[in-house]
Amino acid sequence: MVPLPPNDILRGTLDLLILKALSLEPMHGWAIGRRLEQMSGATMRVGQGSLYPAIQRLVEKGWIESDWRPNEQNRKVKYYMLTPSGQRALGEEAASWQRYVDMVHVMLHTT
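The opening residue of the sequence shown carries number 6 in our numbering; numbering runs sequentially from there.
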């Protein structure tokens, strides 16, 4: 499958996808990007210029928080995790996204 251009995928969805990735486990920024790539079957690559501003937006909303932990190489890196309000936001945003997808599906299959 050919990777889609980032703007086509990311417009309005990156925050939701980051929340989903962090619902699986706390991760540092680089690992979030790799997890999104893995979850998409390697069809989505998120650059640092998109990823870190999105992470910052989620921190400012109170949906994720961070702390410093050792990584696999025993270097201290900033790990991000969902807050309780982030968990609620994930559920709400996912439901909203599903309603949107369902509406587009109906419209595309209308004759």
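Glycine is no exception: its CB is placed at the ideal position from the N, C-alpha and C atoms.
Residue range of the unbroken beta strand (DSSP E) whose run includes residue i
i: Pro-75; result: 69-75
Per DSSP, cross-strand counterpart(s) of residue i
i: His-33; result: Tyr-84
Bounding residues of the alpha helix (DSSP H) (the contiguous stretch that carries residue i)
i: His-114; result: From DSSP, His-114 is part of no alpha helix (DSSP H); its letter is neither H nor E.
i: Val-64; result: 53-66
Among the options, nearest to residue i - alpha-carbon criterion
i: Ala-59; options: Met-108, Ala-47, Val-82 and Leu-19; result: Leu-19
i: Ser-71; options: Glu-65, Lys-83 and Arg-62; result: Lys-83
i: Tyr-57; options: Val-111, His-110, Ala-100 and Met-32; result: Met-32
i: Trp-73; options: Lys-66, Gly-67 and Lys-81; result: Lys-81
i: Arg-93; options: Lys-66, Val-111, Gln-78 and Asn-76; result: Lys-66
Cβ shell of residue i (< 8 angstroms), same chain only, five flanking positions each side left out
i: Leu-27; result: Ile-37, Ile-69, Tyr-85, Met-86, Leu-87 and Gly-91
i: Glu-98; result: Asp-20, Leu-21 and Leu-24
i: His-114; result: none
Same chain, Cβ closer than 7 angstroms to residue i, five either side skipped, listed in chain order
i: Leu-41; result: Leu-22, Ala-26, Met-49 and Val-51
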